[in-house]
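Q: Note that the protein sequences, when read in sequence, are chains A and B. Residue numbering for the first sequence is 5 to 119, as defined by the numbering used here. Residue numbering for the second sequence is 66 to 175, as defined by the numbering used here. Just so it is clear, CB atoms sit at the ideal spot from N, CA and C, and this is done for glycine as well. If you're wondering where the values come from, they're calculated on a predicted model, not measured in any experiment.
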Amino acid sequence: EADIYQTPRYLVIGTGKKITLECSQTMGHDKMYWYQQDPGMELHLIHYSYGVNSTEKGDLSSESTVSRIRTEHFPLTLESARPSHTSQYLCASSERVGGPTDTQYFGPGTRLTVL
Amino acid sequence: GQQVMQIPQYQHVQEGEDFTTYCNSSTTLSNIQWYKQRPGGHPVFLIQLVKSGEVKKQKRLTFQFGEAKKNSSLHITATQTTDVGTYFCAGPFNDYKLSFGAGTTVTVRA
């Protein structure tokens, strides 16, 4: 099992609150990703990073932001949560930069509910 | 937009039966990966196929990569309740990102 962690696992919060979802990996992976997934549905890439100080927007437009100050840490922030942000957020990492796409290791996810 | 298509979206299987799920790409892929997500869980890597026509087996699961490297299949024999979940295929598209299919959600009737 991969060493990638997400906190909190579950979060229920009111509209307008600022939240940060944490993701950490201890594998030294360069690439990290954030996906949004509604129950039973496909994965949507919302942010990714090639390494420290690198962040890119994914395929799905998102009002969230990310940062990558340390290799092992890739937090996602929502400045003002809305009910439309209710979803599961999955963090993933993979090993190599500059080569063919590598296996992605997923964290357990954060289930966010915005009331 | 989605560049990897999976069919069927749902697969209801009688325990003990076989089934196949298919993955198709709009372009040639350098490799294809398969992941499994159990209900309430997160995707877990199953296998990667790289070579044209490659076939790999994991117990009752058989994975195949098409000759043109634009399609793939997952065949499960003698389905068990432990096979329940959503199976995703994924292929690399640009900038070393993976494009995931919509998944095939499998339910098993005992």
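To the nearest angstrom, how far is it from the Cα of A/CYS27 to the Cα of B/HIS107?
A: Between A/CYS27 and B/HIS107, the alpha-carbon positions lie close to 14 Å from each other.
Q: Is the Cβ of B/GLY166 closer than 9 Å to any Cβ of chain A?
A: B/GLY166 counts as touching chain A.
Q: I'd like to know if B/PRO108 contacts chain A, where contact means its C-beta is closer than 9 Å to some C-beta of that chain.
A: yes
Q: Taking C-beta to C-beta, are A/THR117 and A/ILE50 nearer than 9 Å?
A: Result no, Cβ atoms of A/THR117 and A/ILE50 do not sit closer than 9 Å.
Q: Should A/ILE73 go down as buried or exposed, given a rule of 16 or more other Cβ atoms within 10 Å for buried?
A: exposed
Q: In this structure, does DSSP put B/THR146 in helix, strand or coil?
A: helix
Q: Just to confirm the assignment, what range does the beta strand (DSSP E) spanning A/LEU64 have?
A: Bounds of any beta strand (DSSP E) do not take in A/LEU64, whose DSSP letter is neither H nor E.
Q: If the criterion is Cβ atoms closer than 9 Å, does the pair B/TYR87 and B/THR170 meet it?
A: No. Outside cutoff.
Q: Mapping the DSSP letters down to three states, classify B/PRO157 as helix, strand or coil.
A: strand
Q: At a Cβ threshold of 9 Å, is B/LYS162 touching chain A?
A: yes
Q: Thinking C-beta only, is B/ASN96 closer than 9 Å to B/ILE72?
A: Contact flag unset, no.
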